[in-house]
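2 protein chains.
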Amino acid sequence: MAKSKKFITCDGNYAASHIAYMFSEVAAIYPITPSSTMAEYIDEWAAFGRKNIFGQPVKVVEMQSEAGAAGALHGSLQAGALTTTYTASQGLLLMIPNMYKISGELLPGVFHVSARSLAAQALSIFGDHSDVMATRQTGFAMLATSSVQEVMDLAAVAHLAAIKGRVPFLHFFDGFRTSHEIQKIEALDMDELAGLVDQKALQAFRDRALNPEHPVTRGTAQNPDIYFQAREAANSFYDAIPEIVEGYMKELSKLTGREYNLFDYYGDPNAENIVVAMGSVCDTLKEVVDHLNAKGEKVGLINVHLYRPFSIKHFLKAFPKSAKRIAVLDRTKEPGANGDPLYLDIKELFYGKANAPLVVGGRYGLSSKDTTPAQMIAVFENLKMAEPKNQFTVGIVDDVTFKSLPLGPEINLGAKGTFQAKFYGLGSDGTVGANKNSIKIIGDNTEKYAQAYFAYDSKKSGGITVSHLRFGDKPIRSPYLVNTPDFVACHVPSYLGKYDMLKGIRKGGTFLLNSIWDVEETKSKLPNSIKKQLAESEVDFYIINATAIAEEIGLGNRTNTIMQSAFFKIAEVIPSDLAVKSMKKAIDKSFGRKGEDIVKMNYAAVDRGGDVTKIVIPAEWAKLGADESNARQNAPAFISQVVDPINSLKGDDLPVSAFTGREDGTFPAGTTAFEKRGIAVNVPEWISENCIQCNQCSYVCPHAVIRPFLLTEEELKNAPEGTKAVKGNGGIKEYSFKIQISPLDCTGCGNCVDVCPSPKKALVMQPLETQMAEDARWNYMHTKVGYKDTVLDKTKTVKNSQFAQPLFEFSGACAGCGETPYIKAITQLYGDHMMVANATGCSSIYGGSAPATPY
Amino acid sequence: MAKSKKFITCDGNYAASHIAYMFSEVAAIYPITPSSTMAEYIDEWAAFGRKNIFGQPVKVVEMQSEAGAAGALHGSLQAGALTTTYTASQGLLLMIPNMYKISGELLPGVFHVSARSLAAQALSIFGDHSDVMATRQTGFAMLATSSVQEVMDLAAVAHLAAIKGRVPFLHFFDGFRTSHEIQKIEALDMDELAGLVDQKALQAFRDRALNPEHPVTRGTAQNPDIYFQAREAANSFYDAIPEIVEGYMKELSKLTGREYNLFDYYGDPNAENIVVAMGSVCDTLKEVVDHLNAKGEKVGLINVHLYRPFSIKHFLKAFPKSAKRIAVLDRTKEPGANGDPLYLDIKELFYGKANAPLVVGGRYGLSSKDTTPAQMIAVFENLKMAEPKNQFTVGIVDDVTFKSLPLGPEINLGAKGTFQAKFYGLGSDGTVGANKNSIKIIGDNTEKYAQAYFAYDSKKSGGITVSHLRFGDKPIRSPYLVNTPDFVACHVPSYLGKYDMLKGIRKGGTFLLNSIWDVEETKSKLPNSIKKQLAESEVDFYIINATAIAEEIGLGNRTNTIMQSAFFKIAEVIPSDLAVKSMKKAIDKSFGRKGEDIVKMNYAAVDRGGDVTKIVIPAEWAKLGADESNARQNAPAFISQVVDPINSLKGDDLPVSAFTGREDGTFPAGTTAFEKRGIAVNVPEWISENCIQCNQCSYVCPHAVIRPFLLTEEELKNAPEGTKAVKGNGGIKEYSFKIQISPLDCTGCGNCVDVCPSPKKALVMQPLETQMAEDARWNYMHTKVGYKDTVLDKTKTVKNSQFAQPLFEFSGACAGCGETPYIKAITQLYGDHMMVANATGCSSIYGGSAPATPY
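From first to last, the protein sequence lines stand for chains Z and G. Counting along the first sequence from 1, when you hit position 748 you're at 748 in this note's numbering, and nothing is skipped either side. Counting along the second sequence from 1, when you hit position 198 you're at 198 in this note's numbering, and nothing is skipped either side.
What follows is the structure in structure tokens.
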């Protein structure tokens, strides 16, 4: 009987947690990016009483670190409870000692890992396989999945095989790709999975639990006489794992209708050149394999699911006899090794075999470096060379050690009819939330498949966000950013001159701009590069003044719903009225409890989304020349050569040589001063006559953008025209006093206004545009007037301290951050003698996100 | 100009520390076996003001764990100080996260590692490469040394190359072999080594230090746009390391006259079969290579020094073109991998090469499994097979997965004229100290080379110790236990029936027995097996009653100096009078400050060492049959099949199948009760009439060998004859009260006598022999009378608690241990519901040293 399939729209972390919950009695957790949401889901479901396959909620134990979580997991397993954890990166490293113990004691623990880079020359919260590869020697079985659907389908195999085979499992998928990619997938049913548990093995596990009724000792100290023999005694358990996993994969294949093997071959059965890889890149490779085979090549892919124990027998079963050349891709780097781990395994297994293929290895995608079809085509191109490059890198330009492969242009290999959209927003402006909502609307209301991925920079907020959405009638297997969009939306007018937003847009695509200007003014504001692209690609260009509409209907600066509605209106992915209905339903759900007014305002936002204007593109725009270079003068080379490209989203194009001289991860200090992000909508204006000279505004400012200055008569005279100042009070009577704001560095949090204790506030928030004159004034104060911190003893009062120069400024901390004012105050008091050692956390991110350092 | 060589007698840890001290400004430490003494030496030398090459003492910082030590090391390096640490095993695992950082930031840190096993199915404090192999992906350069002399010669290379090349180094050598093997070696001079420092590189390192004068940020958070490029930027530093190391090795070769290369080839230049290996096994292999080549074979060895970065070019330079077959030996196990790490590297490098050799891999020596010439011969034999076994093990019998190679008999391959001696003693009886002293005497007073290694079991004391000493005119390169001794001494009379002490003794060798009996009685006490060996091997057999002599001259049970003196007397390794003079000199040094009496007593011990008696061996002893089996009846299978062989020092002979059913490291509880070690000289005797029934003796007993029992009239009547008891006081008036001792489990600490508060002591120490009747009585009390712990509320008073059965008994803790009484008391109160999770430390060793568990 054909059962109806149940689809859900979720990311990989959700899928893994969904399955893990079923098979867990205890979850020992300590959340770490990008695995955090797994632990959070489990915790939340447990709190709401969701039942596992034993009809019980999971007992969740949060420990003081990942080392503690691993210890708790070990103990819980020894006590006979099926126990699970979720981690990544450094967190996984802290579990290594216990991993040896857990595998040595043959305990069926399961780790779900959103695989992530390790901190080396820099930390990175993004994805690759460095962390899991650092544990391949621990005796854990390792299972890799390549997509959100595979996570859902195969996560259970880790649990089931661990119980049956007594070897612990580490199930991993790509962090900040599969972990955070939202896909519409088929969900698996607990009842069916529960039936697959080997009850005899489970009972035996229970019976082995430490129990005072039949006491035993485990974890003895063994001496040279017996340790070796005892270590070899477990061999048979490892020998049995491949067949056990294969058995369960067959069961899962039956349940899902999707075929899974330890090694899945995809491509021409008579392929000559094949790639061996693990993780999300396999979906990209499938697209490329189809593309190349359609062009008459004979290529294929082996997708490795069971990486440890590595079964040569099963690999050879998947391997097409016709293959003559293999490229093995590793998503990790082991400096000083002959080659990376998977590559070494493949060479080992073919060594000395008759007609052994040529094998080369390469590295890709470190730290979520987007891995595109063009890169995979380059890998196959390399295999066609007379002497293929070995130990290559792909996806970067290595102009120092010349390991990288040359890349062709990006091409669109998604299924026909797949709609791709890209939205440029500002961190915490609601764009991402609106897009998640859109995906859900489309996923839930249509038969369409949907995919979403949200690219952030690591600024805590106020940074750029780019939402990458795809919709289509076939499953979407493009685990990389949208490079050839059908639709581009810019939610932030100021991005126009900053980012190359139309790069790769398809012919006849659509561009929607939130414009605060009318048609003609908009045209005049467009840089030549945008105009040229609009004309050349025959783009449909729409504008909407979402900023004005939001203001008008009382939503302040919340433009997201208006822009979302405009997207549905223009893109017509689903019928317009269905979209409106669904968006309103979502509003009811989100804001229902906040009162009718709020709901109405948001309803209005949906309704006003139709207020778009189409701008006809003059054909002559195609002939426009380049924009005038806006490269800054006077900036240090590091700023113009490294920082500026990164801030223009062109960091991917930086070659390896950009880091020559800073191979050890050294970055110059104080680079945030060159960012001038201009992200605030409103910034404070100083009302001199109300000011009581307390300096509290300066003290509380999280970004050090408002500072008191003392000016001599001469300095006041030379100040830019219109500079206001007042006579100093108390010990500073000889000087004029002035509060100065740097409008382009301000994030608009308003803390300064809030704290101002003056009976009549000496600060008022004003639109950024109205305060641009302050920028020149700021430069004058900062560079010419300087900081007179010896007039008053800066160590004596909070007020006095603010005349000192902050040596921590313009960080990427959230607007209104409560930590940074303290750091800033310390730098004012002791800054020139400080050495800062910073553990990872908010302060390491806003304090040291490359390329910008606020110190 | 030929300079005079300076020799010292030291172990590998000393040699490493000696060099490390010179190049360290800061040492961040947290001691862990077997690396502890390195940290201790550094600490001690620093305390005494020894100077490094900069004329300063090293600043030593002890942290709260190895994770802290690694963090401190990282910080110290960033602050521009040359920083070093010393660690092993789990300690090294805790440093992994920082290792990625230190290498990523190109800091010249140096780790010296006494490589050790990792805790898996059991912990092991002994040596193999599991720990260092778990760090091979961290980006550290890895340098292996094979002997104490090599440690001395090459440790400096790690420091020098780290400074010049900016890549941190991990220098490792075999834990509990090289680390603890005492050798007479040539010491290197600081001035010569200091001259090798690359001053320019050193200055550059200083200049890069974090400094408020030129502030920078390191350890930023990098995003997908640049992390990959930045990670590849360090490639050139790794590419340069092999040449840098080679350069320094050449310098060291010049200084020492001993040639070193990244890969040292040893053997026939036209070898056909070669072995590739790292660590102390290479010395064993050299012996075997010489032996086989002398027999006409064509074999060789590649000794890997620079393991990471692995230089294929240099490997091929060392590799003889004639070689057709290679066996790669790994001293680690990675369950589920195709093969172990070094093996994978070698296969990689020959893959696809014309005339590529056949390559097989094998595992040996886990957890200090003694690696002998016979094992290495088996490795070469395997290579001669038509189809050599791959993924073999050697040194054990694997009758489960059949990976092991068959072994021939042990043969003596040491240099001609090398004298080998073996001493059986009791933990903390002074035997080991005396032997260390002997080695020093011989090393310092003669031209002879000397080697010593001390094998302990992991009982904290009271266990067996076997000292393995070698002396000879040529450097000694046998990094394995003495298997074919010239001389065997037994310091503990009760070992006679227990251990096969004469196994492998050479024809015409010598056996010295501390015998408390006269000649005829001694003969009657000898088991047939010993008699047979004495006769068959034509052994010179001497006895001395060191026990009686020690008593007589006032040394109590300190027989060590007497036995040492007897050894010098009989063995004549050096002239007898020189030996006497030297021993007395050592006594002056050790005891000079303790007063003339002590010195005189020890002088007397030296003088009385000559009181040996030679026993003529009747030829007919050679024809004696086997001893009656003393296998116990009634003992559980685990005791007779696993525990008894281990306790008879036959654990090495246990096959893998002995651990079937306990592959997860499970050991039955309560097995110490079957040990009956009988190690006490004196044990307490109960004087019933003085007893006040306070039970304090029982409460303080660390080993639970003295317990109060309550007997009914019936039980008293049925007790073994002569059982004394008194009428119970207070709440136990209905019963007779008795204190019972288990003489064979007692360690003789005397705590019970000391604590006894009775005006006239109710306990007195008596020689063990006089108390043997108590053994039967103990069995009666324990099994028939049992524990009446409900007569009085056991939770109410300390006294009452002692009527309960201790569930922690006869542990391997030191005599007089202060921790175990508490554990015991807890088990008496709550023992039947306890689940014990034990961190590593004393309590895990005495609480869980396989095979014996006291719980």
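Positions of the beta carbon are idealized from the N, C-alpha and C atoms, including for glycine.
Take G/D43, set aside five residues on each side of it, and the residues of its chain with a beta-carbon closer than 6 Å to its own are V60, in chain order. Contacts between Z/V359 and chain G, judged by CB atoms closer than 7 Å, involve Y351 in chain order.
Residue range N751 to V755 is occupied by the alpha helix (DSSP H) that includes Z/C752. Secondary structure at G/D225: coil, using DSSP grouped into helix, strand and coil. With a minimum length of 4 residues, there is no unbroken run of alpha helix (DSSP H) contained wholly in the region 715–747 of chain Z.
Distance between Z/A162 and Z/G109, taken at the CA atoms: about 7 Å.
Distance check between Z/L513 and each of Z/N261, Z/I442, Z/G425 and Z/V573 places Z/G425 closest, using alpha-carbon atoms only.
Fully enclosed beta strand (DSSP E) runs of no fewer than 3 residues occupy 392–394 of the region 360–404 of chain Z, in order along the chain. Beta-bridge analysis with DSSP links G/G425 to G/T465. Using a Cβ distance threshold of 9 Å, G/G433 and G/G472 do not count as a contacting pair.
Counting along the chain, Z/T83 sits inside the beta strand (DSSP E) bounded by residues T83 to T87. Closest option to G/I692, judged by alpha-carbon separation, among G/A669, G/K448, G/P668 and G/F737: G/F737.
The closest CA to that of Z/G219, considering only G/E675, G/Y699, G/G665 and G/Y855, is found on G/G665. Taking a Cβ-Cβ cut-off of 8 Å, the neighbours of G/S117 in chain Z comprise Y227, given in sequence order. Within the region 443–531 of chain Z, the complete alpha helix (DSSP H) segments at least 4 residues long are 519–525, listed from N- to C-terminus. In chain order, A815 and G816 place their CB closer than 6 Å to the CB of G/C749, counting only its own chain and leaving out the 5 sequence neighbours on each side. Distance from the Cα of Z/V58 is smallest, within the candidate group Z/A69, Z/W45 and Z/V359, for Z/W45.
Of the candidates G/E246, G/M834, G/F23 and G/H291, G/H291 places its Cα closest to the Cα of G/Y266. Nearest CB-CB separation between G/R218 and chain Z: below the 9 Å threshold. Comparing C-alpha distances from Z/Y21 to each of Z/V148, Z/A69 and Z/T83 shows the shortest one belongs to Z/T83. Legend: CB atoms of the region 325–342 of chain G lying less than 7 Å from CB atoms of chain Z belong to residues K333, E334, P335, G336, A337, N338 and G339.
Of Z/V113, Z/E243, Z/L469 and Z/T827, the smallest CA-CA separation from Z/F263 is found for Z/E243. By the Cβ rule, the region 46–54 of chain G does not count as touching the region 84–93 of chain G, because fewer than three pairs are nearer than 8 Å. Contact annotation, Z/H112 with Z/A69: C-beta distance approximately 13 Å; criterion of less than 8 Å not satisfied. The beta carbons of G/I544 and G/D611 sit closer together than 9 Å. Interface annotation, Z/M278: not in contact with chain G, CB-CB separation never under 9 Å. Looking at Z/I346, Z/P309 and Z/T332, the one whose alpha-carbon comes closest to that of Z/F319 is Z/I346. With respect to the 9 Å criterion, G/R477 and G/N412 are not classified as neighbours on the basis of their beta carbons. Within its own chain, the residues whose Cβ lies closer than 7 Å to the Cβ of G/G104, once the five positions on either side in sequence are excluded, are G139, listed in chain order.
Interface with chain Z (9 Å Cβ-Cβ cutoff): G/G427 is excluded. Of the candidates Z/V580, Z/F205, Z/D330 and Z/N293, Z/D330 places its Cα closest to the Cα of Z/N303. Between Z/P34 and chain G, the shortest Cβ-Cβ separation is not below 9 Å. If you keep only unbroken beta strand (DSSP E) runs of at least 3 residues inside the region 113–150 of chain G, you get 141–144. The three-state secondary structure of Z/I646, taken from DSSP, is helix. Considering only beta carbons, the part of the region 159–171 of chain G lying closer than 9 Å to chain Z consists of R166 and V167, in chain order.
Note on G/L94: 16 or more other CB atoms within 10 angstroms of its CB, so buried under the neighbour-count rule.
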